[in-house]
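Take a look at the structure below.
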Amino acid sequence: MNKATKLVVSISTLFRQTRSSTFRCNPIPTIAIINSQTHLRRRESLEPNGLRFAGRVFCSESGVKRSFFKCWNCGFSSEKVAFLFCDSCRSIQPVDDSVDYFQIFGLEKKYEIDDGILEGKYKDWQKKLHPDLVHNKSKKERDYAAEQSAKVTEACRTLTKRLSRAMYIMKLNGINVNEEDTITDPALLMEIMELREAIAEANDSNELNQIRSQVQEKLKQWSDSFVKAFESQRFDEAVKCIQRMTYYERACEEIVKKL
Amino acid sequence: MAEPAYTVASDSENTNEEKSSSSPSLPEIAVGIDIGTSQCSIAVWNGSQVHILRNTRNQKLIKSFVTFKDEVPAGGVSNQLAHEQEMLTGAAIFNMKRLIGRVDTDPVVHASKNLPFLVQTLDIGVRPFIAALVNNAWRSTTPEEVLAIFLVELRLMAETQLKRPVRNVVLTVPVSFSRFQLTRIERACAMAGLHVLRLMPEPTAIALLYAQQQQMATHDNMGSGNERLAVIFNMGAGYCDVAVTATAGGVSQIKSLAGNPIGGEDILQNTIRHIAPPNVEASSLLRVATQDAIHRLSEQDNVQIEVDLGNGNKISKVLDRLEFEEVNQKAFAECERLVVQCLRDAKVEVGDIDDVIMVGGCSYIPKVRNILKNVCKKDEIFKGVNPLEAAVRGAALEGAVTSGIHDPFGSLDLLTIQATALAVGVRANGNNFIPVIPRNTMVPARKDLFFTTVQDNQKEALIIVYEGEGETVEENHLLGYFKIIGIPAAPKGVPEINVCMDIDASNALRVFAAVLMPGSSSPVVPVIEVRMPTVDDGHGWCAQALNVKYGSALDLITLQRKM
Chain A
1 MNKATKLVVS ISTLFRQTRS STFRCNPIPT IAIINSQTHL RRRESLEPNG
51 LRFAGRVFCS ESGVKRSFFK CWNCGFSSEK VAFLFCDSCR SIQPVDDSVD
101 YFQIFGLEKK YEIDDGILEG KYKDWQKKLH PDLVHNKSKK ERDYAAEQSA
151 KVTEACRTLT KRLSRAMYIM KLNGINVNEE DTITDPALLM EIMELREAIA
201 EANDSNELNQ IRSQVQEKLK QWSDSFVKAF ESQRFDEAVK CIQRMTYYER
251 ACEEIVKKL
Chain B
1 MAEPAYTVAS DSENTNEEKS SSSPSLPEIA VGIDIGTSQC SIAVWNGSQV
51 HILRNTRNQK LIKSFVTFKD EVPAGGVSNQ LAHEQEMLTG AAIFNMKRLI
101 GRVDTDPVVH ASKNLPFLVQ TLDIGVRPFI AALVNNAWRS TTPEEVLAIF
151 LVELRLMAET QLKRPVRNVV LTVPVSFSRF QLTRIERACA MAGLHVLRLM
201 PEPTAIALLY AQQQQMATHD NMGSGNERLA VIFNMGAGYC DVAVTATAGG
251 VSQIKSLAGN PIGGEDILQN TIRHIAPPNV EASSLLRVAT QDAIHRLSEQ
301 DNVQIEVDLG NGNKISKVLD RLEFEEVNQK AFAECERLVV QCLRDAKVEV
351 GDIDDVIMVG GCSYIPKVRN ILKNVCKKDE IFKGVNPLEA AVRGAALEGA
401 VTSGIHDPFG SLDLLTIQAT ALAVGVRANG NNFIPVIPRN TMVPARKDLF
451 FTTVQDNQKE ALIIVYEGEG ETVEENHLLG YFKIIGIPAA PKGVPEINVC
501 MDIDASNALR VFAAVLMPGS SSPVVPVIEV RMPTVDDGHG WCAQALNVKY
551 GSALDLITLQ RKM
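First to last, the protein sequences are chains A and B. In terms of full-length UniProt numbering, the first sequence opens at residue 1 and continues consecutively. In terms of full-length UniProt numbering, the second sequence opens at residue 1 and continues consecutively.
Structure representation (structure tokens):
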């Protein structure tokens, strides 16, 4: 195997850096869909430009910061955290980067979620935001639709999978997990080697399925450990859990490829 | 009938038509067209429901063919055939959906060579030569032209009945169509003066109809309530398509798609070969008789076939269902494989399937029905849709939805979330096809991969984009190619070449390529952005020509990722 160089940054991210803040109506409608890993690592540098907070009014009320959102089209003001769509005039709002994926789905910022509700909520959003539904609206709103629906898709993708969800919630807590970090734990290295061999040597789908259920069991265990570590704010440990999950997730992919 | 109101524009290659010319005036409701290999239909949302238009002979299903017999070619919309065999004299071109956008090395083109009109191949990867027999001379044409003539007639018929100009259309297309083939369909539409709002894979049109029916049935409990999982199987004369869709609240989310150019035409030809005595040319009489026998076999256990081929050649044979199934065993096995693959790609358990929907002419074949029942472990096939009208109805619904029509009763409160039918990727690691966006990725989609150079100090690299499922590039469709230049001198394996692909909601594909060096976070040369497909007819040549010219000098390999 090649000694891998550290991956730098994908073009999709670069595009966001170089273009998205200046060209709001750029010709690439789905610019906000970004490969999730690089996205998480790079996003911080993109957020603070504040351009997107158009129409947002802040006011303090008895010491608690509350925000109202004003529809760009009809001026209707909403207190909804995830104000992606105006219920009054049915127009799509510009993307607000301060809205996180959990808020989009009306979820508490917790790792363990009831992922059964994601699909339904996802469809509800797409029914309001999908670019197919705004053909006759202005170019501006069509761009909002492309970006919002892309963001909701990315949110759904990120929250559905345990690993990406774990990385995302860490990110929200200010910790960027670099999944390409080198492994130093010799025990883990050994285990990965053995696992790879087992997958390579497996002859039929029965064997592969057996390995897969073992790997998935491990994934579940490390996912549980992640919850504990994360909740007690032992972030170093949480990062280790994520690393483990990354390797098991990859092993799973490898198995599915062979199946 | 009056003189032709529209003529077909010339088939020139530069299509710089502005995609979405936004007209802020009254929304024109786009019509839905199902161009089938053997039959077409056209439907429109009439304000309260989908209305299928009929031709002057009161037919909803119109035979897809164009005759070049007289001065002006005439299609199946206006043209009345005295007899079924008249279509088989060589003057009529049909099955254009099996020929459009294919090169002369394609096995599907070769399978069309025993049709009564001329399909000539040179087997070098260019478009086949197609011609109709007019006054004992072969008059050449193209599948695009034939389709355009037919579409002009459909358009004229719709305009007469709807009493308004018809410009915007939603068309259904086979799942297995490459993006290049889709451009040929768009081309034919443009030649016919039609503007394509959407090209829908056929089973996704049926999924939309199903979503609407389901929503109407459960309209009282609003919201996206209970999700229903359906397997949609669509097999007509030319293509077999499968989809798995999860529907709730009028939203149909396509979980997976699978398709192949296998259909009733293949079954018919297999059966003709089986029935015909050796050394007897397949005649139009035999074709008609066999087709009729296959239809009857859906109801009966065996059929008697009697054909007098002339010259003392008589066929008298009893064909039973078992024999018919054996003759077509390979075709049926392929249907089964597609369904199994589609279910696996959708990652659904067979026990979770709520409905199995079967449409298209071949869905009447008992063997095909049994395959679906067995694979999906269902005793019953869904009865709520008309197998021959479902696709056009779905297309008409999509036409109304994308035209921005609102229905007070919520009948158009619909949405399809599409998935990519075929993977798109590049040539790398030798002659391998490396998918960047895998098949069945939710659309819109954007993904990227890293590649690196194969030579020391390699300054340029070829990005050759393919679409398909094959492991080597030869098995896939070439979409286009471009060269990245200005890679800094470095040992092989060091430069990082990022290839990013983007499919937007209207299914347009863009390919980006950037050169990065380790440690820097911005591209060293300007990023290249190309809208694909860029290839033309004769693209079989291009890949080979590139190979001859450059060998492996400008190759790429995937950048290894640690496990």
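By construction, the Cβ of each residue, glycine as well, lies at the ideal position given by its N, Cα and C atoms.
> Using DSSP with H/G/I as helix, E/B as strand and the rest coil, what is MET517 (chain B)?
Replying inline: As a position in the second sequence, residue 517 (chain B) is number 517, starting the count at 1. Residue state, collapsed to three classes: coil.
> Can you list the residues of chain A that residue 604 (chain B) reaches, using a CB-CB cut of under 9 Å?
Replying inline: A query on residue 604 (chain B) cannot be resolved here, the shown segment of chain B reaching from 1 to 563 and no further.
> If you compare alpha carbons, which of B:LEU286, B:PHE324 and B:SER316 is closest to ASP301 (chain B)?
Replying inline: The residue given as residue 301 (chain B) occupies position 301 in the second sequence. Out of B:LEU286, B:PHE324 and B:SER316, B:PHE324 has the C-alpha closest to the C-alpha of ASP301 (chain B).
> GLY404 (chain B) CB to nearest chain A CB: under 7 Å?
Replying inline: Residue 404 (chain B) sits at position 404 when you count from the first residue of the second sequence. By this cut-off, GLY404 (chain B) is an interface position.
>> Which runs of the alpha helix (DSSP H) at least 4 residues long sit entirely within the segment 93-178 of chain B? Give them in chain order.
In response: Listed in chain order, the alpha helix (DSSP H) elements of length 4 or more contained wholly in the segment 93-178 of chain B are 96-99, 107-111 and 143-162.
> Would you report the Cα separation of ILE113 (chain A) and LEU107 (chain A), rounded to the nearest angstrom?
Replying inline: The residue labelled residue 113 (chain A) in the question sits at position 113 within the first sequence. The residue labelled residue 107 (chain A) in the question sits at position 107 within the first sequence. Each residue's Cα considered, the two are about 8 Å apart.
> Shorter than 7 Å from the beta carbon of ASP132 (chain A) to some beta carbon of chain B?
Replying inline: Reading the first sequence from its first residue, position 132 is the one you call residue 132 (chain A). Yes, because at least one Cβ of chain B sits closer than 7 Å to the Cβ of ASP132 (chain A).
> My guess is that TYR122 (chain A) and VAL152 (chain A) are in contact by the Cβ rule of under 8 Å, so how many angstroms apart are they, rounded?
Replying inline: On the first sequence, residue 122 (chain A) is found 122 positions in, with the first residue counted as 1. On the first sequence, residue 152 (chain A) is found 152 positions in, with the first residue counted as 1. Sure, about 7 Å apart at Cβ, within 8 Å.
>> Within a Cβ cutoff of 7 Å, which residues of the same chain sit near ILE487 (chain B), ignoring the five residues on either side of it in sequence?
In response: Position 487 of the second sequence, counted from the first residue, corresponds to residue 487 (chain B). Within the same chain, ILE487 (chain B) has close Cβ partners THR453, GLN458, LYS459, GLU460, ALA461, PRO495 and VAL515.
> Out of B:TYR210, B:GLY430, B:THR441 and B:LEU554, which has the shortest C-alpha to C-alpha gap to LEU422 (chain B)?
Replying inline: The residue given as residue 422 (chain B) occupies position 422 in the second sequence. The shortest Cα separation from LEU422 (chain B) among B:TYR210, B:GLY430, B:THR441 and B:LEU554 belongs to B:THR441.
> Which runs of the beta strand (DSSP E) spanning at least 3 residues fall entirely within the segment 477-533 of chain B, listed in chain order?
Replying inline: 477-484, 496-503, 509-516 and 528-532
>> My assumption, with CB atoms under 8 Å, is that GLN181 (chain B) sits in contact with GLY264 (chain B). Please give the rounded CB distance.
In response: By one-based count along the second sequence, residue 181 (chain B) stands at place 181. By one-based count along the second sequence, residue 264 (chain B) stands at place 264. The Cβ separation is near 20 Å, so there is no contact.
> Taking buried to mean at least 16 other C-beta atoms within 10 Å of its own C-beta, is residue 645 (chain B) buried or exposed?
Replying inline: With chain B represented from 1 up to 563, any question about residue 645 (chain B) goes unanswered, as that position is not in the structure.
> Are PHE226 (chain A) and ALA166 (chain A) touching if we call contact CB-CB under 7 Å?
Replying inline: Residue mapping note: residue 226 (chain A) aligns to position 226 of the first sequence, counting from 1. Residue mapping note: residue 166 (chain A) aligns to position 166 of the first sequence, counting from 1. Yes, they are a contact pair.
> Expressed to the nearest angstrom, what Euclidean distance is found between the alpha-carbon atoms of HIS110 (chain B) and ASP104 (chain B)?
Replying inline: Stepping through the second sequence from its first residue, residue 110 (chain B) is reached at position 110. Stepping through the second sequence from its first residue, residue 104 (chain B) is reached at position 104. Going by the C-alpha atoms only, they are around 7 Å apart.
> Which runs of the alpha helix (DSSP H), 4 residues or longer, sit entirely within the segment 320-389 of chain B?
Replying inline: 321-327, 329-346 and 366-376
>> Measuring straight from C-alpha to C-alpha, what distance separates VAL256 (chain A) and LYS110 (chain A)?
In response: For the purposes of this step, residue 256 (chain A) is taken as residue 256 along the first sequence, with counting starting at 1. For the purposes of this step, residue 110 (chain A) is taken as residue 110 along the first sequence, with counting starting at 1. For VAL256 (chain A) and LYS110 (chain A), the distance between alpha carbons rounds to 29 Å.
> Under 7 Å between the Cβ atoms of ALA145 (chain A) and LEU129 (chain A)?
Replying inline: On the first sequence, position 145 is the one that residue 145 (chain A) refers to. On the first sequence, position 129 is the one that residue 129 (chain A) refers to. Yes.
> Comparing alpha-carbon positions, which option in B:GLN59, B:ASN226 and B:ILE267 lies nearest ALA237 (chain B)?
Replying inline: Counted from its first residue, the second sequence places residue 237 (chain B) at position 237. Ranking B:GLN59, B:ASN226 and B:ILE267 by Cα distance to ALA237 (chain B) puts B:ILE267 first.
> At a Cβ threshold of 7 Å, is GLN216 (chain A) touching chain B?
Replying inline: Here residue 216 (chain A) corresponds to residue number 216 of the first sequence, with the count starting at 1. Judged by the 7 Å Cβ criterion, GLN216 (chain A) is not in contact with chain B.
> First and last residue of the alpha helix (DSSP H) that includes HIS274 (chain B)?
Replying inline: If you number the second sequence from 1, residue 274 (chain B) lands on position 274. In this chain, the alpha helix (DSSP H) harbouring HIS274 (chain B) covers 264-275.
> Closest to ARG250 (chain A) by CA distance: which of A:LEU159, A:PHE105, A:LEU219 and A:TRP125 is it?
Replying inline: Looking up residue 250 (chain A) in the first sequence gives position 250. The shortest C-alpha separation from ARG250 (chain A) is found at A:LEU219.
> Which chain A residues are close to GLY249 (chain B), counting only those with a beta carbon under 9 Å from its beta carbon?
Replying inline: Counting from one through the second sequence, the residue named residue 249 (chain B) turns up at place 249. Neighbours of GLY249 (chain B) on chain A, chain order: GLY120, LYS123, ASP124 and LYS127.
> Hey, how far is the Cα of LYS347 (chain B) from the Cα of ASP502 (chain B)?
Replying inline: Counting from one through the second sequence, the residue named residue 347 (chain B) turns up at place 347. Counting from one through the second sequence, the residue named residue 502 (chain B) turns up at place 502. If I take the Cα positions, the gap works out to 24 Å.
> Can you tell which of A:ARG244, A:GLU119 and A:SER149 has the C-alpha that lies nearest to the C-alpha of LEU133 (chain A)?
Replying inline: Working through the first sequence from its first residue, we reach residue 133 (chain A) at position 133. If we check each option's Cα against that of LEU133 (chain A), A:SER149 comes out closest.
> Straight-line CA distance for LYS378 (chain B) to THR37 (chain B)?
Replying inline: Start at 1 with the first residue of the second sequence, and residue 378 (chain B) comes out as number 378. Start at 1 with the first residue of the second sequence, and residue 37 (chain B) comes out as number 37. In this model, LYS378 (chain B) and THR37 (chain B) are separated by some 29 Å (Cα to Cα).
> What three-state label does DSSP hand ASP241 (chain B) in the structure shown?
Replying inline: Locating residue 241 (chain B) in the second sequence gives position 241, where the first residue counts as 1. Per DSSP, reduced to three states, the secondary structure at ASP241 (chain B) is strand.
> So does the segment 48-68 of chain B actually touch the segment 150-157 of chain B, counting three or more Cβ pairs closer than 8 Å?
Replying inline: yes
> By Cβ distance below 6 Å, which residues in the same chain neighbour LEU197 (chain B) in space, the five residues on each side in sequence not counted?
Replying inline: Working through the second sequence from its first residue, we reach residue 197 (chain B) at position 197. Correct list, in chain order: ALA30, ASN168, VAL170 and THR402.
>> Cutting at 8 Å between CB atoms, please list the residues of its own chain near VAL64 (chain A), excluding the five before and the five after it.
In response: In the first sequence, the residue the question calls residue 64 (chain A) occupies position 64. Note on VAL64 (chain A): pLDDT 41, under 50, position unreliable in the model; no value is reported.
>> Taking its Cβ as the centre, do 16 or more other Cβ atoms sit within 10 Å of GLU145 (chain B), making it buried, or is it exposed?
In response: Stepping through the second sequence from its first residue, residue 145 (chain B) is reached at position 145. GLU145 (chain B) should be labelled buried.
> For VAL465 (chain B) versus VAL511 (chain B), is the C-beta distance shorter than 7 Å?
Replying inline: In the second sequence, counting from the first residue as 1, residue 465 (chain B) sits at position 465. In the second sequence, counting from the first residue as 1, residue 511 (chain B) sits at position 511. In this structure, VAL511 (chain B) lies closer than 7 Å to VAL465 (chain B) by Cβ.
> Quick one: is GLU202 (chain B) buried, meaning 16 or more other Cβ sit within 10 Å of its Cβ, or exposed?
Replying inline: Numbered from 1 along the second sequence, position 202 holds the residue referred to as residue 202 (chain B). Under this definition GLU202 (chain B) is a buried residue.
>> If I follow the unbroken alpha helix (DSSP H) through TYR101 (chain A), where does it start and stop?
In response: Position 101 of the first sequence holds residue 101 (chain A). TYR101 (chain A) -> alpha helix (DSSP H) spans 101-104.
> Can you list, in chain order, the residues of its chain whose CB lies under 8 Å from that of LEU285 (chain B), leaving out five sequence neighbours each side?
Replying inline: Translated into the one-based positions of the second sequence, residue 285 (chain B) becomes position 285. Counting only Cβ-Cβ distances below 8 Å, and skipping sequence neighbours, we find GLN85, VAL307, ASP308 and LEU309.
>> Using a Cβ-Cβ cutoff of less than 8 Å, which residues in the same chain neighbour SER224 (chain B) once the five nearest sequence positions on both sides are dropped?
In response: Here residue 224 (chain B) refers to the residue found at position 224 of the second sequence. Because the pLDDT at SER224 (chain B) is just 48, under 50, the model does not fix this residue reliably, and the point stays unresolved.
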